Structure formats: structure tokens, C-alpha cells
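Under this note's numbering, the first residue of the sequence shown carries the number 17, and numbering increases by one thereafter.
The structure appears right after this line, and notes come after that.
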Amino acid sequence: MEELPDKAEKGLITSIEFIKELCKLARETLQAEKEIEQARKEKTPQAALTELFLEIKTDQTPAVVERIVTDIDAIVRVVRFPGWQKTTSGEREVQKSLRKALLKYKLHKDQALFERAYAYIKEYY
């Protein structure tokens, strides 16, 4: 992008070539923005939580990742409200709900898991 005006000023490209190059850069920028937006959309809240639970799954943890994620997603969707991340009561309700969901699968003692799951929830919900 920075080279284009320099080339035009030095007379290395014509006005038409300059405009063509600008249009090409605009198309490339638009395409890159679309790809970023698509990648962001693909990472749904459930996909993010599933990724987390698959990552931490061990032989000791249940192989029911989809059910855990579905339960957490359903609970969080009920207790959250717009701007919940910015209120103490909202954060407390979501944390309480997450702990209940983890307790159901006997994962409530893993503080690191709770913290990572809560961070995902805070970001994606």
C-alpha cells in the first residue's frame, strides 16, 4: 500500500495503473476482512466450550463432552443477560451455574477448568 503512491509520484506507473492497483488492494482487503469475520462466526460459544473440554479431556474425565457443553450452554443462556459481564450479580449467577454444571459431571474440583470455562463463557456469551 505504501509503495503505490511512491510509484505514482515517481512516474513509474500511470494513473490508470495506479487506480487498478488501488482497486486490487481494496478487493484483497475486503476478502481478508470477510475471511476474518467468517472465522469469528465459526467459533460459536458451544464450539469454543467444546474445544476447551476436548482439550482437557483425560482418561479420568467422562467422554460426554457434548453433554457437558450442552448443559453449560443451556444454563448460561438462561441466567445471562445483556451486560452481565459488567455486573457483580451477573458474574456471580453465571459462575454459580457453571459450578453446578461441573458438579453434575464431577468436574467441580478442577479450579483451572472452572477458570478456563468461565473465561470462554465471558468471552463468547
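All C-beta atoms in this analysis are idealised placements derived from N, C-alpha and C, irrespective of residue type, glycine included.
Remember, it's a predicted structure, so these values are computed and weren't measured experimentally.
Alpha-carbon spacing of residue i relative to residue j, whole angstroms
{"i": "Q127", "j": "L118", "result": "10 Å"}
{"i": "K3", "j": "E49", "result": "Because residue 3 is not part of the residues shown, which for the chain are 17 to 141, the question remains open."}
{"i": "Y121", "j": "I52", "result": "35 Å"}
{"i": "E82", "j": "K125", "result": "20 Å"}
{"i": "A24", "j": "I32", "result": "10 Å"}
Rounded Cβ spacing between residue i and residue j (contact assumed at less than 8 Å)
{"i": "V85", "j": "T60", "result": "In fact, because the Cβ distance is near 11 Å, the residues do not count as touching under 8 Å."}
Cβ shell of residue i (< 6 Å), same chain only, five flanking positions each side left out
{"i": "Y140", "result": "P61, A64"}
Cβ-based burial, residue i [other Cβ within 10 Å; buried from 16]
{"i": "D89", "result": "buried"}
{"i": "T114", "result": "The residue asked about is misnamed: residue 114 is Leu in this sequence, not Thr. Under this definition L114 is a buried residue."}
Neighbourhood of residue i by C-beta, 8 Å cutoff - its chain only, sequence neighbours within 5 removed
{"i": "R132", "result": "L68, I72"}
message: Going residue by residue through the segment 33-106, where are the continuous alpha helix (DSSP H) segments of at least 4 residues, counting only ones entirely within it?
response: 61-72, 81-95
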